[in-house]
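These notes concern the structure reproduced below.
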Amino acid sequence: MTTAAADPVEPEKPRRARGEQTRQLILETALRLFRERGYTETTMRAIAKEAGVAVGNAYYYFDSKEHLIQGFYDRNQVAHRVAAEQVLADEKELAPRLRGVLHAGIDVNAPYHSFAATFFKSAAEPSSPLSPFSRESSPAREAAIAIFREVVDGSTAKLDPELRKELPELLWLGWMGVILFWVYDKSPGQRRTRRLIDGAVPLIDRLVSLSRLRVLRPALRQVLALIESVRRDD
């Protein structure tokens, strides 16, 4: 009588769990050191030492500091989505949904403001993998656009079908502008960025409402055609 072979999958589960714990430990340590020492001054060796892992182990999970930032991007989008859950559940009008999501994004990013400016110097380089527009950043970018798609699709706003399709990405581009403003905002608690959000959202809401007017549809089509043309040339 033969004995059934042991399930080879089960032993892998504890190893995967430990691996994920190590990965998160390295990422958390890196973000803390970025805050304390700055992005440029923090090395992979320093991160590994502070995390209590071998340098080779750190490189096993993250090929470089740039890959650590990609891990931060991915986690940041998950945190943004969680922080926005309540307002997306409670609000149905476009303006309060958008305002709440933008403020939630600032809340999530707030702990990293101290090193944001030095880090942004690397991310702003067009060829950098840290750029939010890079191929490497595409998973985080798509996750961010998905949040704004939920803002639009879950609202009661009546939109032109073509605008509805493009609006989430346009809102994300606007969010990138807000983040750039936030990076260099030295007001206490970045109050100026909060005021920018509160002032811009009603304007966006108004423009979206006006887009339904028949007289503005030709201009809207031109804008959307321009966006599509730029996207194809990218």
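Heads up, the sequence shown is in full-length UniProt numbering, so the first residue is 1 and it goes up one at a time. Even for Gly, the Cβ is constructed at its ideal location relative to N, Cα and C.
Check	Outcome
As assigned by DSSP and simplified to three states, the class of residue 126	coil
Proximity below 9 Å, CB of residue 139 to CB of residue 66	no
Residue range of the alpha helix (DSSP H) that includes residue 91	Per DSSP, residue 91 belongs to no alpha helix (DSSP H) and is neither H nor E.
Under the three-state DSSP convention, the category residue 209 falls into	helix
The stretch 71–83 / the stretch 92–109 touching (three or more Cβ pairs under 8 Å)	yes
Sub-9 Å separation of residue 235 and residue 116 beta-carbons	In the structure as shown, the chain begins at 1 and stops at 234. Residue 235 is therefore absent and cannot be evaluated.
Validate contact between the stretch 87–105 and the stretch 145–161 using beta carbons, cut 8 Å, 3 pairs	yes
Backbone secondary structure at residue 155 - three-state DSSP	coil
C-alpha gap between residue 80 and residue 87, whole angstroms	12 Å
Range covered by the alpha helix (DSSP H) that runs through residue 174	161–183
The alpha helix (DSSP H) enclosing residue 55, as first and last residue numbers	55–61
For residue 45, the first and last residue of its enclosing alpha helix (DSSP H)	44–51
Sequence-distant residues of its chain with Cβ nearer than 6 Å to residue 20 (five each side left out)	none
Alpha-carbon to alpha-carbon, residue 48 and residue 37	15 Å
Option nearest residue 209 by Cα separation, candidates 132, 126, 35 and 164	164
Rounded distance between the beta-carbons of residue 181 and residue 119, thought under 8 Å	So it is not a contact: roughly 16 Å between Cβ atoms.
Buried versus exposed, by CB contacts within 10 Å (16 or more), residue 148	buried
Beta-carbon proximity list for residue 18, same chain, < 7 Å, skipping 5 on both sides	none
For residue 132, three-class secondary structure by DSSP	coil
Inter-residue spacing [alpha-carbon to alpha-carbon] between residue 82 and residue 145	15 Å
Straight-line gap, residue 70 to residue 136 (C-alpha atoms, nearest Å)	8 Å
Under the three-state DSSP convention, the category residue 193 falls into	helix
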